[in-house]
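Student:
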Amino acid sequence: MLEGLLVNLVPYGKEFLERDHRWMNNQASFWSGGGERHFMTQAMIAARHAQWAEESGDINDELGVAFGVQSKDGTPLGYFGINWLSAHHRLAMLGAKIGEPQYWGGGYGTDALLLLLDYTFDWLDVRKAWLMTTSMNARVMRQMEKVGFRLEVRQRQSALADGVWYDWLAYGLLREEWPGRAALVEQLGLRERATAPESGAK
Amino acid sequence: MIEGTLVDLVPFEDDFALYLETWMNEEAWFRAHLWERREPHTEHDVKKYIERMEKDERGALIGFQAKNGDPIGAVIFDHEWPRVRKAEARFFAGDSRYEGSDEVLDALLMLVRYCFETRNLHRLDAVALPFDEVRLEHLRRAGFVHEGTLRQHIRWDGDYVDMEMFGLLDSEWPGYAAKVAGLDLQPSGLEPKPRPEKKDEKKDGAG
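Residue numbers (our numbering), protein chains in the order written: chain G, 1 to 202; chain F, 1001 to 1207.
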């Protein structure tokens, strides 16, 4: 388990898999998937889990790492992980989704991201972490800037959400630009957030 | 077949497959496939790659040849995303005599033409190394717009290097005919190369 101030990163186990049906079909997927609207049945989710289980048994140096994000009281909140890890390029493409909208904007995602970056740089010895979001996702764009990612690429009109074209944005963070989790926890005031009386789901 | 100005796009048949055994181990191939680890590709690897592309519903491997029928290289669209109608565009000159030639540019234009005018795509992505002047020039002349740089993104010959990212929208594409009219494409005038010997022919000859 990776322990943060507002969340812990834990194995993406049964409690998380059971929530995938809701998280795939709600607004969380719309935001993380660049306007995607899924209509996934329980059977489709089960088939996807079976495929994951099969693939995770493969020896593959480009396999990702999946964490479940849970609140300090043990509530499963979503997924944070490395969607694609290239040992050859020492490069990690991150993916993230807080599936419970009432936890958006409370610092939970930022706390999870700092834990994931710490793991990515300090345990996996990756040189660069990067991720993609869309230009409609102002919340994630702000988060990227706060944590020190740089906007590297703007793929114009590559995302379609409710009939409107948006851009996919690529953000990158090099290891030498990463000040370490402890420094960012202080800089972003996460410790104060975790102890504030109003902390918790909105 | 789709006929272009200097080259034609054709199915990637056996004659191309024979050349690919060489092409997949050469510089032009790796510059078009930046994620690869430069592993040596055996005949078996080449066969598997062609089979994978033949089954791929979100991509295609297409040969391009000079007007005299001489195979030059391939254009590839891959990772087609139907919901947003986008795909990655790749191209390479297997025959290194054509590196930087207008034949290769015409092949790229033909790929764009096929993707926008036949497959009804909305957008194409492309990528190049910052020091790959030849590829950068082809992308620029084809009308691709530079959309950013993935910093120190991949390992390449002893260093971590940037990847230059490009995009082209269907609204920016004037149409193949209009595009070619503004480019003054010139043929290289190269003679066709000797055909590689087919494996079964070799066996027959030896028997």
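Yeah, the Cβ is synthetic: ideal placement off N, Cα and C, and Gly gets one too.
Show which residues of chain F have a CB atom less than 8 Å away from the CB atom of residue 158 of chain G.
Tutor: 1084, 1086, 1123, 1125 and 1167
Student: Taking 8 Å as the threshold (beta carbon to beta carbon), is residue 1143 of chain F in contact with chain G?
Tutor: no
Student: Only counting the same chain, and skipping five residues up and downstream in sequence, which positions put a Cβ closer than 7 Å to that of residue 1003 of chain F?
Tutor: Taken in chain order, the list of residues that qualify is empty.
Student: List the residues of chain F whose Cβ lies closer than 9 Å to the Cβ of residue 155 of chain G, in chain order.
Tutor: 1086, 1123, 1125, 1147, 1148, 1165 and 1167
Student: Using alpha carbons as the reference points, say which of F:1155, F:1062 and F:1015 lies closest to residue 1007 of chain F.
Tutor: F:1062
Student: Since residue 1161 of chain F and residue 1136 of chain F should fall inside the 8 Å C-beta cutoff, what is the C-beta to C-beta distance between them, to a whole number of angstroms?
Tutor: Incorrect: roughly 14 Å between the Cβ atoms, too far for contact.
Student: Ignoring anything shorter than 4 residues, give me the alpha helix (DSSP H) runs that lie fully in the stretch 1085-1116 of chain F, in order along the chain.
Tutor: 1102-1113
Student: Rank F:1020, F:1056 and F:1033 by C-alpha distance to the C-alpha of residue 1046 of chain F and give the top, closest one.
Tutor: F:1020
Student: Spatial neighbours of residue 1146 of chain F within its chain, please: CB distance less than 7 Å, with the 5 preceding and 5 following residues excluded, ordered by chain position.
Tutor: Same-chain partners within the cutoff: 1164 and 1166.
Student: Nearest chain F C-beta to residue 89 of chain G closer than 8 Å, yes or no?
Tutor: yes
Student: Secondary structure at residue 1011 of chain F, three-state DSSP: helix, strand or coil?
Tutor: strand
Student: Is residue 228 of chain G helix, strand or coil when you go by DSSP?
Tutor: Chain G is shown only over 1 to 202; residue 228 of chain G falls outside these bounds and no answer can be derived.
Student: Run through chain F and tell me which residues come within less than 8 Å of residue 174 of chain G, C-beta to C-beta.
Tutor: Proximity of chain F to residue 174 of chain G at the Cβ level (cut-off 8 Å) is accounted for by 1151 and 1152, in chain order.
Student: Assign residue 97 of chain G to one of two classes, buried (16 or more other C-beta atoms within 10 Å of its C-beta) or exposed (fewer than that).
Tutor: buried
Student: Apart from the five residues on each side of it in sequence, which residues of its chain come closer than 6 Å, Cβ to Cβ, to residue 1090 of chain F?
Tutor: 1032 and 1076
Student: Does DSSP classify residue 20 of chain G as helix, strand or coil?
Tutor: If DSSP states are grouped into helix, strand and coil, residue 20 of chain G belongs with the helices.
Student: For my contact list, residue 1150 of chain F and residue 170 of chain G are in at a C-beta cut-off of 8 Å; report their separation, rounded to the angstrom.
Tutor: Yes, residue 1150 of chain F and residue 170 of chain G are in contact; Cβ-Cβ is about 6 Å, under 8 Å.
Student: Determine the DSSP secondary structure at residue 8 of chain G, reduced to helix, strand or coil.
Tutor: Residue 8 of chain G: strand per DSSP, three-state reduction.
Student: Considering only the alpha carbon of each residue, which of G:102, G:8, G:52 and G:43 lies closest to residue 26 of chain G?
Tutor: G:102
Student: Determine the extent of the beta strand (DSSP E) in which residue 1166 of chain F is found, giving its start and end residues.
Tutor: 1159-1169
Student: My understanding is that residue 1102 of chain F touches residue 1009 of chain F, with C-beta atoms under 8 Å, so please give their C-beta distance in whole angstroms.
Tutor: Not really, about 16 Å apart at Cβ, beyond 8 Å.
Student: Could you give the distance in angstroms between the alpha-carbon of residue 153 of chain G and the alpha-carbon of residue 1148 of chain F?
Tutor: 4 Å
Student: Along the beta strand (DSSP E) that carries residue 132 of chain G, what are the first and last residues, could you check?
Tutor: 128-134
Student: What's the gap between the Cα of residue 1198 of chain F and the Cα of residue 1018 of chain F?
Tutor: 7 Å
Student: Per DSSP, residue 86 of chain G is paired with what?
Tutor: G:91
Student: Starting from residue 71 of chain G, follow its DSSP beta bridges and name the residues at the other end.
Tutor: G:7
Student: Could you tell me which of G:30, G:126 and G:38 sits nearest to residue 85 of chain G, measuring between CA atoms?
Tutor: G:126
Student: Just checking, does the stretch 1175-1194 of chain F make contact with the stretch 162-179 of chain G on the three C-beta pairs under 8 Å criterion?
Tutor: no
Student: Output, in chain order, the set of chain G residues within a Cβ distance shorter than 7 Å of residue 1160 of chain F.
Tutor: 127
Student: Can you name the start and end residues of the alpha helix (DSSP H) that residue 114 of chain G belongs to?
Tutor: 108-118
Student: Do residue 8 of chain G and residue 17 of chain G have their C-beta atoms closer together than 8 Å?
Tutor: no
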